[in-house]
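**Student:**
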Amino acid sequence: MVWIFFVLVALLVVVAIGAAVTGRITPDPMAEAVSSAPDPGLPSGDFRAEDVDAVRFDTALRGYRMDQVDDVLDRLQQRIAELESAREAARTDDGAHHE
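Numbering-wise (my numbering), the sequence shown opens with residue 3 and increments by one.
1) Starting from F8, trace the alpha helix (DSSP H) in both directions and tell me its first and last residue.
2) Taking 6 Å as the limit between beta carbons, can you name the residues of its chain near W5, skipping five residues before and five after?
3) Count the CB pairs spanning the region 10-19 and the region 44-51 that are closer than 8 Å, and state whether there are at least three.
4) Tell me whether L85 sits in a helix, a strand or coil according to DSSP, three-state version.
5) Going by DSSP in three states, T61 sits in which element: helix, strand or coil?
6) With 16 as the cutoff for other CB atoms within 10 Å, does V23 come out buried or exposed?
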C-alpha cells in the first residue's frame with residue numbers, strides 16, 4: 003500500500019516538472035520594480051558627458067547585468083565627450099575664420 007503512495011508522489015513530481023519545463027507553470031513572476039530614486043540622474047533635454055557620471059540605476063535581484071550597463075554608459079560618455087570636443091573645435095575654427 004505504501005508503494006502506491008510513492009508512485010503517486012513520483013507521478014505528481016514528474017507532472018509538475020513537465021509543466022514547469024513546458025511553461026504551463028511559471029514560478030514567482032518578476033516583482034514590480036521599486037524605485038529608491040525617482041530619477042536616475044540624467045537631466046532631461048541637453049546633457050554633457052559629465053552628466054553620465056551622475057546616473058545611478060536602482061538595483062534588483064533580477065535585473066540588468068551591471069557590467070553591461072557600466073560598459074554601455076562608459077561608451078556613451080566617451081562618445082559624448084568626443085562629440086563635444088568636435089563641436090568646440092568647430093566653433094573655434096568658425097570664430098577664427100570670421101575674424
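Virtual Cβ for every residue (Gly too), placed ideally from N, Cα, C.
Computed from a predicted model, the values in this text were never measured in an experiment.
**Tutor:** Answer, in terms of the structure:
1) Locating residue 8 in the sequence shown gives position 6, counting from the first residue. Looking at the DSSP string, the run of the alpha helix (DSSP H) that includes F8 is V4 to T24.
2) Against the sequence shown, residue 5 aligns to sequence position 3. For W5, where only same-chain residues beyond five positions count, there are no Cβ hits under 6 Å.
3) no
4) The count along the sequence shown starts at 1 and reaches residue 85 at position 83. The answer is helix: DSSP assigns L85 an H, G or I state.
5) Position 59 of the sequence shown holds residue 61. Residue state, collapsed to three classes: coil.
6) Residue numbering aside, residue 23 sits at position 21 when the sequence shown is read from its first letter. Classification of V23: exposed, given that the 10 Å Cβ count is below 16.
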